[in-house]
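Structure record follows, encoded as structure tokens.
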Amino acid sequence: GTGIAAGLFSTADDLATSLQAASATSGERLWRMPLYDDYLHKIESLTADLTNSGGRMGGVGASAIFLKQFAEGYPWAHLDIAGMSFEESGGSPKRPAYLVKGGTGFGVRLLVQFLRDWAFSD
């Protein structure tokens, strides 16, 4: 595959911690990324409040900061799973056996585990 871990952006530490715990259990790795306001300049627009694209080289930070503008007051997370969605070469002794060549379904095991943990928490 093209990635080892998906990026995790969140302003809610409790939510991020829960997602990282589900990540550790499911084996679908997350890495928490910074959500700097410096990314805002990438989504400025001359004709609108915001543009929904940071351009070809906008990066995942621009995507996350765009979503943040609509989630104020709510716990939220953005998982950048694009780089994890396709396995080019299939399994190997160092990779999980379920990673066959093609679409990985990355995030399904992670989110199912997150929901299980949430459902059975105190």
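Everything in the sequence shown is counted per my numbering, starting at 598 for the first residue and increasing by one. Don't be surprised by glycine CBs; every beta carbon is placed ideally from N, CA and C. Being a predicted model, the structure only gives us computed values, none of them experimental.
Residues near Ile678 by beta carbon distance below 7 Å, same chain, minus five either side: Ala603, Phe703 and Gly704
Determine the direct distance from the alpha carbon of Gly699 to that of Ser607, and round the result to whole angstroms. 29 Å
Note down the Cα distance separating Met654 from Trp628, rounded to an integer number of angstroms. At Met654, the pLDDT of 49 sits below 50, so the modelled position is not reliable; the number obtained from the coordinates is stated separately. Spanning the two alpha carbons is a distance of roughly 21 Å.
On a CA-only basis, which of Ala716, Leu708 and Thr701 is nearest Ala621? Give me that one, please. Leu708
Kindly give me the distance between the Cβ atoms of Ser623 and Asp714, rounded to whole angstroms, as I take these residues to be in contact under 8 Å. Going by Cβ atoms, the distance from Ser623 to Asp714 rounds to 10 Å, so no, they are not a contact pair.
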